[in-house]
Amino acid sequence: MNKIICKNCNSENALYRLNCFQCNALLRTRVVNIDLWKTIKTLIDNPFKSFREIIQSEHKNFIFAILIFIGVKFFSNVLFFSDSVYKVEVLNNYLWINMLIFSGIFFLFIFLFSLLVTFSNKLLKIKTRYKDNLSIYIYSFIPQVLVLIILLPIEFALFGKHWFTGNPEPFVIRPLASHILFILEIISIVWTFVLMFLSSYVQTKKIIYSIIISIFSIAFLSVLIIFISLYIY
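Put into structure tokens, the structure is as follows:
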């Protein structure tokens, strides 16, 4: 999974290589750009293929646009947690400044996390590139982007700012709709975890190692949201 065997000389090559390092023979079809809509579709029905194409793509299209959407979703999660747990309304308190700060915190996390994984892979003698790891982990958060684009407008349409505040709680206003939306949010988090695992597995072909990476990333982000919410509080 994480290696390409050269048909000409039988040498093992890293997954990202286009030409064999030993004999320079062509190893695979050249992938120039990432097709966003095709990639999103493939992440659903064949994530292994999708992550391979992301890794092998010469240009890592859309990663910064996706990163911005994820940053906004991260900020909305902070709002939801802080307002639900601590009953603190921050929607009107320096909203845009807070969004930039908290999105920046997520950007820093994903950049450092990808760097840490790249370094860890190197220690395990797994040949990977930083830009590939950064790209696959950003694309692993596509479920969060879909939730932001599809569910967030519905949440605002049904509850307005009350979705982010406990006065009154959404579960009191519309219990059924609230529980359905909350379950969909949980499903998106689980889906993100699965994609984090699969993307790591495509690169390393190590199940336990990939699970540890996925658990660490989701757990650290959850702790980060809690600490930021405490800061707001």
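Everything in the sequence shown is counted per this note's numbering, starting at 40 for the first residue and increasing by one.
Positions of the beta carbon are idealized from the N, C-alpha and C atoms, including for glycine.
Predicted model only: the values in this text are computed from it and were never measured.
(message) For PHE152, tell me which candidate among SER174, PHE195 and THR81 has the shortest Cα-Cα distance.
(response) As a first step, residue 152 is located in the sequence shown; it is residue number 113 there, counting from the start. Of SER174, PHE195 and THR81, the residue nearest in Cα terms is SER174.
(message) Spatial neighbours of VAL262 within its chain, please: C-beta separation below 7 Å, excluding the five flanking residues on both sides.
(response) Within the sequence shown, the letter at position 223 stands for residue 262. Same-chain partners within the cutoff: there are none.
(request) Counting only the same chain and skipping the five closest in sequence on each side, list residues whose C-beta sits under 8 Å from that of VAL70. (result) Here residue 70 is taken as the residue at index 31 of the sequence shown, counted from 1. Same-chain partners within the cutoff: GLU92, GLN95, SER96 and GLU97.
(message) How far does the beta strand (DSSP E) with VAL70 in it extend, from its first residue to its last?
(response) On the sequence shown, position 31 is the one that residue 70 refers to. Counted as a single uninterrupted DSSP element, the beta strand (DSSP E) harbouring VAL70 occupies residues 70-72.
(message) Measuring straight from C-alpha to C-alpha, what distance separates ASN41 and VAL241?
(response) Sequence index remark: in the sequence shown, residue 41 carries index 2 (1-based). Sequence index remark: in the sequence shown, residue 241 carries index 202 (1-based). Rounded to whole angstroms, ASN41 to VAL241 spans 6 Å at the Cα level.
(request) Could you have a look at LEU139 and say whether DSSP puts it in helix, strand or coil? (result) Looking up residue 139 in the sequence shown gives position 100. In this structure, LEU139 counts as helix in the three-state DSSP scheme.
(request) Could you tell me whether the stretch 215-235 touches the stretch 180-199, where touching means 3 or more Cβ pairs closer than 8 Å? (result) The stretch 215-235 vs the stretch 180-199: in contact.
(message) Suppose the cutoff is 7 Å on Cβ atoms and the five residues either side in sequence are ignored; what does the same chain contact list for PHE141 look like?
(response) Position 102 of the sequence shown, counted from the start, is the residue given in the question as residue 141. Cβ neighbours of PHE141 beyond the five flanking positions: PHE113, PHE114, VAL117 and ILE267.
(request) Report the rounded CA-to-CA distance for LEU139 versus ILE222, giving the unit in angstroms. (result) In the sequence shown, the residue the question calls residue 139 occupies position 100. In the sequence shown, the residue the question calls residue 222 occupies position 183. Looking at the two C-alpha atoms, the distance is approximately 28 Å.
(request) Return helix, strand or coil for ASN52, following the three-state DSSP convention. (result) Mapped onto the sequence shown, residue 52 falls at position 13. In this structure, ASN52 counts as strand in the three-state DSSP scheme.
(request) Just grab the DSSP bridge partners of HIS98 for me. (result) By one-based count along the sequence shown, residue 98 stands at place 59. Bridge partners of HIS98: ASN72.
(request) Report the option in ILE102, TYR178, ILE226 and LEU197 whose CA atom is closest to the CA atom of PRO214. (result) Residue numbering aside, residue 214 sits at position 175 when the sequence shown is read from its first letter. That would be LEU197, whose Cα lies nearest to the Cα of PRO214.
(request) From the DSSP output, read off the bridge partner residues of ASN58. (result) Mapped onto the sequence shown, residue 58 falls at position 19. ASN58 is bridged to LEU65.
(message) Excluding the 5 residues flanking ASN160 on each side, which residues of the same chain have their C-beta closer than 8 Å to its C-beta?
(response) In the sequence shown, counting from the first residue as 1, residue 160 sits at position 121. Cβ within range, chain order: LYS166, THR167, ASN172, GLN242 and THR243.
(request) With a 10 Å radius around its C-beta and 16 neighbouring C-beta atoms as the bar for buried, classify THR78 as buried or exposed. (result) Reading the sequence shown from its first residue, position 39 is the one you call residue 78. When all chains shown are included, THR78 counts as buried.
(message) Among the candidates SER256, LYS170, ILE225 and ARG67, whose CA atom is the shortest distance from the CA of ILE102?
(response) For this step, residue 102 is matched to residue 63 along the sequence shown. Taking only the C-alpha atoms, the option nearest ILE102 is LYS170.
(request) Write down the C-beta distance between GLY110 and PHE145 rounded to the nearest angstrom, noting that I regard them as a contact closer than 8 Å. (result) Numbered from 1 along the sequence shown, position 71 holds the residue referred to as residue 110. Numbered from 1 along the sequence shown, position 106 holds the residue referred to as residue 145. Sure, about 5 Å apart at Cβ, within 8 Å.
(message) Let me make sure I understand the geometry here. Which of ILE226, TYR248 and ILE225 has the alpha-carbon closest to that of PHE236?
(response) Here residue 236 refers to the residue found at position 197 of the sequence shown. Ranking the options by Cα distance to PHE236, first place goes to TYR248.
(message) What residue range does the beta strand (DSSP E) around LYS170 cover?
(response) By one-based count along the sequence shown, residue 170 stands at place 131. Careful: LYS170 lies outside any beta strand (DSSP E), inside the alpha helix (DSSP H) at 169-179.
(request) Could you tell me which residues DSSP puts in a beta bridge with ILE44? (result) Counting from 1 along the sequence shown, the entry for residue 44 is found at position 5. Answer by DSSP bridge pairing, in chain order: GLU51.
(message) For ILE225, count the other beta carbons within 10 Å of its own beta carbon; 16 or more makes it buried, fewer makes it exposed. Which is it?
(response) One-based indexing of the sequence shown puts residue 225 at position 186. It is exposed - the Cβ of ILE225 has fewer than 16 other Cβ atoms within 10 Å.
(message) Is it buried or exposed, PHE87, if we count other Cβ atoms within 10 angstroms and call 16 or more buried?
(response) Within the sequence shown, residue 87 is the residue found at index 48, counting from 1. That one is exposed.
(message) So, at 7 Å on beta carbons, what are the nonlocal neighbours of SER256 in its own chain, with the 5 sequence-adjacent residues on each side left out?
(response) Along the sequence shown, read from residue 1 onward, the residue named residue 256 stands at position 217. Contacts found: PHE152 and MET235.
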